[in-house]
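Undergrad: Numbering of the sequence shown is given in the numbering used here, commencing with residue 25 and proceeding in unit increments.
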Amino acid sequence: NNTANSNYATVGGGTNNTASGQYATVGGGDSNTASGGYATVPGGKDNAAQGTYSFAAGRRAKANSQGCFVWGDSTDSDVNCNVQDAFIVRASGGVTMYTSSDLSTGATLHPGSGSWSNLSDREAKENFEPVDPQAVLEGVARLPITIWNYKAQDDSIRHIGPMAQDFYAIFGVGEDDRHISTVDAYGVALAAIQGLYQQNQAQQARIETLERENAALQQRIADLEARVEALEASSARRASLAQNSLLPGTGLLLLGLMWAVWRKGGER
C-alpha cells in the first residue's frame with residue numbers, strides 16, 4: 025500500500041509511504057511522505073518532506089520549507105523545519121563532529137548543552153611552548169576591537185570582536201588570517217587574565233610594602249609628637265619654677281630701694 029502518484033516519483037519499499045511530488049523519493053520505512061518537488065525521505069517513520077528540495081529522515085522529521093534538511097532522533101515528537109534552506113537536527117544524545125580520519129579531533133554538543141565542547145585532551149596535542157602572559161596582555165591591549173555586522177546578515181544584527189587579520193598578526197595562532205578558532209580566542213583571553221593577575225599580585229605586594237612603611241612612619245610621628253609634648257611640659261615646669269623663685273627676690277629688692285630712698289631723704 026505504497027503510493028507514487030506524480031511524474032518520476034518513487035517509493036522503494038516499506039509500507040504506507042507516499043511520494044506525491046515530482047521527482048520525489050521515499051526509500052522505505054513506514055508512513056513517510058515526500059510531497060515536495062525533488063523531496064526525499066530515505067526511510068524511517070512518520071517523516072514528511074513537504075518543501076521543494078527538502079530532506080527528512082529518522083522519526084517524525086518535518087521538512088516543511090524549501091531546501092530544509094531535518095533529522096529526527098527516536099523521540100516520539102515532531103521536529104520541524106519552517107525556515108527555508110535550514111539544517112535542523114534533533115539528537116537528544118548529543119552531536120559530535122570529527123575532523124580527522126582517526127576520530128582524534130573534533131567538537132561535541134553534549135546532551136542538553138547549548139555550546140560546543142572542543143577536544144582539549146593533552147594526549148591529542150604536541151609541541152608545547154610556554155606562554156608569556158604579560159606579552160599576551162600587551163597584545164590584547166593592542167588588538168583593535170570593533171562593533172560590526174556580517175555582510176551576509178541584516179545590518180541591524182551587530183557583533184563585537186576583533187578582525188582575524190589583526191588577531192593572526194599579533195598572536196600568530198590558528199589556521200589562517202581569515203578565521204579565529206574559539207580555542208585560540210579562549211586561550212588568549214585566559215593568558216591575558218593570568219597577565220592581569222600577575223600585575224595585580226605585584227601591585228598588591230607593593231601596596232602591602234607601602235602600608236608597612238606608612239605604619240612605621242606613623243609610629244615615628246607618634247613617638248616624635250610624644251617627645252615634643254614631653255619637652256614642652258618640662259619647659260613649662262622649669263619656667264614656672266623660675267618665676268616662683270624670682271618673685272620673692274624682686275620684693276626684697278624693692279623694699280631695699282625704698283629704704284635707701286627714705287634714708288637719703290632723712291639725711292637732708
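Note that the Cβ used here is the ideal one computed from N, Cα and C, for glycine as well.
Counting Cβ pairs closer than 8 Å, one from the region 164-179 and one from the region 230-237, do we hit at least three?
TA: No, because fewer than three Cβ pairs between the region 164-179 and the region 230-237 fall closer than 8 Å, the two stretches do not touch.
Undergrad: Which whole-angstrom value is the C-beta distance of residue 105 and residue 89, which I expect to be below 8 Å?
TA: By 1-based counting over the sequence shown, the position of residue 105 is 81. By 1-based counting over the sequence shown, the position of residue 89 is 65. Yes, they are in contact, since the Cβ atoms of residue 105 and residue 89 sit about 6 Å apart, within 8 Å.
Undergrad: Buried or exposed: where does residue 50 fall if 16 or more other Cβ atoms within 10 Å of its Cβ makes it buried?
TA: Numbered from 1 along the sequence shown, position 26 holds the residue referred to as residue 50. Under this definition residue 50 is a buried residue.
Undergrad: If you check the beta carbons only, do residue 100 and residue 84 fall under 8 Å apart?
TA: In the sequence shown, residue 100 corresponds to position 76, counting from 1. In the sequence shown, residue 84 corresponds to position 60, counting from 1. Yes, the pair counts as a contact, with Cβ atoms nearer than the cut-off.
Undergrad: Could you tell me which of 74, 53 and 179 sits nearest to residue 46, measuring between CA atoms?
TA: The residue you call residue 46 lines up with position 22 of the sequence shown. Answer by Cα proximity: 74.
Undergrad: Classify residue 303: buried if its beta carbon has 16 or more other beta carbons within 10 angstroms, exposed otherwise.
TA: The question about residue 303 has no answer, for the chain in this structure spans 25 to 292.
Undergrad: Where are the beta strand (DSSP E) runs, 3 residues long or more, that stay fully inside the region 156-234, in chain order?
TA: List check, beta strand (DSSP E) in window: 170-172 and 183-185.
Undergrad: Name the two residues that bound the continuous beta strand (DSSP E) containing residue 122.
TA: For the purposes of this step, residue 122 is identified with residue 98 of the sequence shown, where counting begins at 1. 119-122 is the span of the beta strand (DSSP E), which, as asked, contains residue 122.
Undergrad: Which residues share a DSSP beta bridge with residue 96?
TA: Mapped onto the sequence shown, residue 96 falls at position 72. In DSSP, residue 96 forms a bridge with 82 and 114.
Undergrad: Can you grab the Cα-Cα spacing for the pair residue 93 / residue 183, in whole Å?
TA: Within the sequence shown, residue 93 is the residue found at index 69, counting from 1. Within the sequence shown, residue 183 is the residue found at index 159, counting from 1. Answer to the nearest angstrom: the Cα atoms are 27 Å apart.
Undergrad: In three-state DSSP terms, what is residue 107?
TA: What you label residue 107 is simply residue 83 of the sequence shown in a count that begins at 1. If DSSP states are grouped into helix, strand and coil, residue 107 belongs with coil.
Undergrad: Could you give the DSSP three-state label for residue 44: helix, strand or coil?
TA: As a position in the sequence shown, residue 44 is number 20, starting the count at 1. Three-state result, residue 44: coil.
Undergrad: How many Å lie between residue 217 and residue 224 at the Cα?
TA: Position 193 of the sequence shown, counted from the first residue, corresponds to residue 217. Position 200 of the sequence shown, counted from the first residue, corresponds to residue 224. So the two alpha carbons sit approximately 10 Å from each other.
Undergrad: Are the beta-carbon atoms belonging to residue 42 and residue 57 less than 8 Å from one another?
TA: Indexing the sequence shown from 1 puts residue 42 at position 18. Indexing the sequence shown from 1 puts residue 57 at position 33. In this structure, residue 57 lies closer than 8 Å to residue 42 by Cβ.
Undergrad: Taking the alpha-carbon positions, what's the residue 130 to residue 220 distance?
TA: For this step, residue 130 is matched to residue 106 along the sequence shown. For this step, residue 220 is matched to residue 196 along the sequence shown. Between residue 130 and residue 220, the C-alpha separation is close to 31 Å.
Undergrad: Over what stretch of residues does the beta strand (DSSP E) that includes residue 148 continue unbroken?
TA: Residue numbering aside, residue 148 sits at position 124 when the sequence shown is read from its first letter. It is not in any beta strand (DSSP E) - residue 148 carries neither H nor E in the DSSP assignment.
Undergrad: Identify which residue in 195, 278 and 256 has its Cα closest to the Cα of residue 13.
TA: Since the first and last residues shown for the chain are 25 and 292, residue 13 lies out of range.
Undergrad: Quick one, are the C-beta atoms of residue 68 and residue 53 less than 8 Å apart?
TA: Residue numbering aside, residue 68 sits at position 44 when the sequence shown is read from its first letter. Residue numbering aside, residue 53 sits at position 29 when the sequence shown is read from its first letter. Yes.
Undergrad: Should residue 280 go down as buried or exposed, given a rule of 16 or more other Cβ atoms within 10 Å for buried?
TA: Counting from 1 along the sequence shown, the entry for residue 280 is found at position 256. Counting Cβ neighbours within 10 Å, residue 280 comes out exposed, since fewer than 16 surround it.
Undergrad: What's the gap between the Cα of residue 77 and the Cα of residue 44?
TA: The sequence position of residue 77 within the sequence shown is 53, counting from 1. The sequence position of residue 44 within the sequence shown is 20, counting from 1. Taking the straight line joining both Cα atoms gives about 13 Å.
Undergrad: Could you round the C-beta distance between residue 193 and residue 202 to whole angstroms and report it? I think they count as a contact, below 8 Å.
TA: As a first step, residue 193 must be located in the sequence shown, where it is residue number 169. As a first step, residue 202 must be located in the sequence shown, where it is residue number 178. About 12 Å; that fails the 8 Å criterion.
Undergrad: Span of the beta strand (DSSP E) holding residue 132?
TA: On the sequence shown, position 108 is the one that residue 132 refers to. Its beta strand (DSSP E) spans residues 130-133.
Undergrad: In whole angstroms, what is the alpha-carbon distance linking residue 10 and residue 128?
TA: With the chain covering only 25 through 292, there is no way to say anything about residue 10.
Undergrad: Please name the residue, chosen from 55, 62, 179 and 124, that lies closest to residue 70 on a Cα-to-Cα basis.
TA: Locating residue 70 in the sequence shown gives position 46, counting from the first residue. For residue 70, the nearest C-alpha among the options comes from 55.
Undergrad: Please name the residue, chosen from 144, 118, 162 and 36, that lies closest to residue 17 on a Cα-to-Cα basis.
TA: Within the shown structure, residues of the chain are numbered from 25 to 292, placing residue 17 beyond reach of any answer.
Undergrad: Leaving out five residues on either side along the sequence, give the residues of the same chain with a beta carbon under 7 Å from the beta carbon of residue 293.
TA: The structure shown does not extend to residue 293, since the chain spans only 25 to 292, so no value can be given for it.
Undergrad: Pick helix, strand or coil for residue 102, following the three-state DSSP scheme.
TA: By one-based count along the sequence shown, residue 102 stands at place 78. Of the three classes helix, strand and coil, the one that applies to residue 102 here is coil, per DSSP.
Undergrad: What does the alpha-carbon distance come out to for the pair residue 162 and residue 121?
TA: Walking along the sequence shown from the start, residue 162 turns up at place 138. Walking along the sequence shown from the start, residue 121 turns up at place 97. Approximately 35 Å between the Cα atoms of the pair.
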